[in-house]
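Asks: What follows is a single structure, and I will ask about it in a moment.
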Amino acid sequence: MSRIAGWERRLSAAVEAARGRAFERGVFDCCIWPADVVRDITGIDGAEAFRGRYRSRGGAIRALARFSGGGGLLEVMRKLAAQHGWAEIAPLLARRGDVCLTSNDEGLSLAICVGAEAATPVRAGGLEFVPLERCSVAWRIG
C-alpha cells in the first residue's frame, strides 16, 4: 500500500478544511477525521466498518469495541495496521500523514502527524496540535 500521488496537497487541504470545523461524533471526531485523511492520501477507508454507525461517545465506544473485538482506539489501529501493513513506530519517528495516538481531556484520541506535531479534532471545534512527544504510539501509513 502506498500513498496517492499528490498526497501532500491532500493532507494540507484536509488540515485547512478542519480548522474551525464543528466537532460531531461519527462525522468529525478523533476517529473519523484521521480515517478521512488516511483515505484521502491512500485510498483506504479504515473507518468503513464503523463510519455512520454512531452519534454519541457511548455509541463510538460500542462501535469501536465491535470492530476490534472488545478494545478501543489502540486495538482498532492495531487491527487496521495488521490488515494494511502499517508498521507501529515510535511517535518521534512519525512523518507527515502518519497516524498517532495521543490523549486529551476526553481520553485517547487518534491524530495525524503534520510535522513536529499531530493534529486531532477537539470538542471545542477545529483541531488541537499536540507535540509528537505527547503521543504514545504511531503507525507508518503508506
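Residues in the sequence shown are numbered consecutively from 1, following full-length UniProt numbering.
Note that the Cβ used here is the ideal one computed from N, Cα and C, for glycine as well.
Remember, it's a predicted structure, so these values are computed and weren't measured experimentally.
If you reduce the DSSP assignment to three classes, tell me which class V76 lands in.
Replies: Reduced to three states, the DSSP call for V76 is helix.
Asks: Is the Cβ-Cβ distance between S56 and P91 less than 8 Å?
Replies: Against a cut-off of 8 Å, the Cβ pair of P91 and S56 comes out as no contact.
Asks: Grab me the residues of G63's own chain with a C-beta within less than 7 Å of its C-beta, minus the 5 sequence neighbours each way, in chain order.
Replies: A small correction: the amino acid at residue 63 is Ala; Gly does not occupy that position in the sequence shown. Answer for A63: F50, R53 and Y54, listed in chain order.
Asks: Using 8 Å as the limit for Cβ to Cβ distance, is G6 near chain B?
Replies: Among the chains of the structure shown, chain B does not appear; only one protein chain is present.
Asks: Grouping DSSP H, G and I as helix and E and B as strand, with all else coil, what is A14?
Replies: helix
Asks: Between G46, Q83 and V122, which has its C-alpha nearest residue 151's C-alpha?
Replies: Any answer about residue 151 is impossible in this case: the structure gives the chain only from 1 up to 142.
Asks: Buried or exposed for D45, please, with buried defined as at least 16 other CB atoms from any protein chain shown within 10 angstroms of its CB.
Replies: exposed
Asks: Please look up how many angstroms separate the CB atoms of D40 and R21, rounded, as I've assumed it's under 8 Å.
Replies: Actually they do not touch by this definition, with Cβ atoms about 15 Å apart.
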